[in-house]
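Just so you know, we're using the numbering used here here: the sequence shown kicks off at 2 and counts up by one. The beta-carbon is built from N, C-alpha and C at its ideal position, and this holds for glycine as well. Since we're looking at a predicted model, the values are computed, not measured. Working notes, structure below.
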Amino acid sequence: MNQILTKAKCIIFLSLIVLIAYYPSLFVPLNSVDDSGMYLHLLNTDAFTLEGMFFPGHTGSYYRPFVLLSFMMDKYVWGLEESFMHLENIVFHLANTLLLFAVTRRACSLLKQTSLFVPFATALFFAIHPLNTEAVNWISGRTDLLAGFFLLLAMYSMLKNPLTWPCSLLAAIFMLMACLAKETAIFFLPAALLFPFYLSSHKDEIVPVSIIVRRNLPHLLLFSAAGSAYFVFRALAFAKGDQGVTRVMTHVAGAESAGMLTSLRLVFKSIGFYAKKLLLPFPLNFGITHISDLYLPLGVLVLAGVIWLMSRRTLPAFFVICAGAVGTSALMIPLLRLTWTPLGERYMYIPSAFFLTGLMLTVGRWEQQHVRFRTALVLLASCLFGIALYGTVTRNFLWQNSLALFQDTLKKSPNFTPAQNEIANALYAQGRKQEATVIYKSFTESEGLINAQYGLKNKALAFMNEGNFSEARDILSQLLANPGKHEVSILLQVLELNKIQVAAGKATIKGVYAESVETLTRLIALTGDPFYSYRLGIVHMQIGERQKAIASFNAVVRTAAPTAYYRKPAEKLAKELAM
């Protein structure tokens, strides 16, 4: 096999496959779920500092400074050109594919497997695994790509026997960097701590636990320190409250939890579902909301299998355990009720890399013991390659049409309000406004549906555009009673409603003054953005509250970046009002 495969040939072929398979992704538009909001935020950001990225000082749930840094690079290097932002995602996926090739080669070396077939096949199936198309095509999915990049570097640094402390230090730093790209990377920590116990190639080579602990104490301490450092970073970044950690405490085991039995049922179903997805990814769905109860017994069997693998203490078993450890973060999503959907294919991007490595290392060992089946194995791999490549390429083409993507989503997840909302958004973007409005106005509050606010906000907007302000206000008031992560956008819509009402002569500036002040004050508390202080100053000035207006404008001067376009007007107005 090595006479056909060489390292250079493998790298060239893997690179070509990724670039060819994901070439359609260059023409994918901004996805209206998260991408558009992120794009507008970047467009309206005049300046940034590293301190502001890493230590914003306000409250929040997501802490991903490295991803934000990459988006800022998109702004200042590519000018937020969409095709280049997609190209960056593709390049990250290519880098991860080549890193996985290197990781598996090093693992094969530790197991004394000399064939290049195993690392090549592992990287190839990761490169074209249909499950990974969501993370690559979705610009906001870069979180998984970037975190995966650093975790693969951490794994590559660890794969040494004996394991030295400089390697452990480097790996721990990479893990910390992965956590700063996506918080779910912290679930790699338990696997990293277990790694020294799984350096055997066979069960009969296992070293006693006490000896391993003594030999690898620096490794254990360094990774523990890196994990602690991540939570210190979060505490400093969210000085006014870490909503993410709080939500985990309240929704997993606290007052907001669904109950022990319900939570266990959700977890076991999710385990079975994701295990099936890793092996059989079809059908692909961007908005997975419900899964069959038949996945529950499968989940129990998979968990039992992982526990059995933990007792094996071999390197191939470790990679599967690592996939399970990182994948555990996805099991918490249905309990936290925080994201667009309770289940997502993108959550398996990193676990798929580790799972494929463990699987292919096992296949490689089996192939060494059963050489007569080598030809059949290559034929099987070729067939699977063709199926996976077809699934990936067709999915990438589907992502080029937002309307088709969300119609496909709604077909697979009927009555999913956010998908209906995105279909309406796509129709609106195509100029089919009447069709979009009909869909917007059909939305109703869905009890327990995560992020139903997407549709209801647009329903309010449809009524605003028709001049039905009372209906729009009722919907926004209803949304503010349970805003979820949408509070900022809902509050901005309240301000827009007030503005439109005043312009239409249906309200006076004085009549909406109190609500506008309350809304802007809340926005300042939530975001810390000086622009809302500027808007608050304007509102006070319009009603004749000079001292309050001066205080707001002075707050802008103190806190806004020197390049902010509204800073000089605020400074000028503060001086004029003080005269």
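Do residue i and residue j have their C-beta atoms closer together than 8 Å?
i, j, result
"P131", "L237", "no"
"L190", "V268", "no"
"N217", "L146", "no"
"L477", "Q502", "no"
"N1", "S16", "Any question about residue 1 goes unanswered here, given that the chain covers just 2 to 580."
"H220", "L160", "no"
"I491", "K458", "yes"
"F283", "L406", "no"
"I334", "L195", "no"
"F150", "L100", "yes"
"V233", "I272", "no"
"R65", "T185", "no"
"I551", "A579", "yes"
"V557", "Y535", "yes"
"L41", "M54", "no"
"F470", "K460", "no"
"L31", "F72", "no"
"L279", "S229", "no"
"L297", "L111", "no"
"S403", "S33", "yes"
"G245", "K270", "no"
"G538", "A571", "yes"
Is residue i buried or exposed, if buried means 16 or more other CB atoms sit within 10 Å of its CB?
i, result
"E448", "Residue placement at E448 cannot be trusted, given a pLDDT of 48 that sits under 50; the coordinates are not used to answer."
"S293", "exposed"
"N416", "exposed"
"N426", "buried"
"S517", "buried"
"D475", "exposed"
"K573", "exposed"
"N397", "buried"
"I424", "buried"
"F374", "exposed"
"E82", "exposed"
"R347", "buried"
"G242", "exposed"
"P563", "exposed"
"R314", "buried"
Return the chain-ordered list of same chain residues with a C-beta closer than 6 Å to the C-beta of residue i, the five sequence neighbours on each side being excluded.
i, result
"A240", "G58"
"E519", "none"
"Q114", "G365"
"D547", "The sequence given here has Arg at residue 547, not Asp. Correct list, in chain order: L578."
"A565", "D47"
Give me the residue from the options with the minimum Cα distance to residue i.
i, options, result
"F274", "T290, M261, T263, L262", "T290"
"A326", "F188, N499, W166, I551", "F188"
"N45", "Y77, Y157, V34, R266", "Y77"
"A575", "T564, A565, R559, P563", "R559"
"K10", "Y567, T418, F102, G61", "F102"
"A226", "L177, G245, L496", "L177"
"L344", "R433, P167, S414", "S414"
"Y63", "I13, M74, T340", "T340"
"F464", "M250, R235, L380, V439", "V439"
By Cβ distance, which residues of its chain are closer than 8 Å to residue i, with the 5 residues on each side in sequence left out?
i, result
"I91", "V19, L20, Y23, S26, L27, V137"
"I213", "P197, F198"
"F386", "L125, F126, I129"
"H487", "N452, Q454, Y455, K458, L480"
"L390", "I18, A22, I129"
"T105", "V119, P120, T123, A124, T358, M361, L362"
"F175", "F151, L152, L154, A155, S158"
"L88", "L27"
"C109", "T115, S116, V119, P120, L362, G365"
"D530", "L524"
Can you list, in chain order, the residues of its chain whose CB lies under 7 Å from that of residue i, leaving out five sequence neighbours each side?
i, result
"L170", "L223"
"A505", "G468"
"A182", "R65, F67, V68, T144, L147, A148, F151"
"R107", "Y157, L160"
"T393", "A22, I129, P131, T134"
"F49", "M73"
"Y533", "L521, L524, I525"
Step through the CB atoms of chain B and report whether any lies within less than 8 Å of the CB of residue i.
i, result
"D294", "Judged by its chain identifiers, the structure shown contains no chain B, having just a single protein chain."
Whole alpha helix (DSSP H) elements within the segment 212-242, 4-residue minimum
218-238
In chain order, what are the residue ranges of uninterrupted beta strand (DSSP E) at least 3 long that sit wholly in the segment 237-319?
none
Mind listing, in chain order, the continuous alpha helix (DSSP H) runs of no fewer than 4 residues lying wholly within the segment 106-165?
Secondary structure within the segment 106-165: the alpha helix (DSSP H) runs of 4 or more consecutive residues, fully enclosed, are 118-128, 134-138, 143-159 (chain order).
In chain order, each alpha helix (DSSP H) run of at least 4 residues that lies wholly inside the segment 29-55
Given a length threshold of 4 residues, each whole run of the alpha helix (DSSP H) inside the segment 29-55 is given here in chain order: 36-44, 51-55.
Starting from the N-terminal side, write out each stretch of the alpha helix (DSSP H) that is 4 residues or longer and does not extend beyond the segment 360-442.
375-399, 403-413, 418-430, 434-441
Length at least 4, wholly inside the segment 492-539: the alpha helix (DSSP H) runs in chain order:
Complete alpha helix (DSSP H) runs here, min 4: 510-528.
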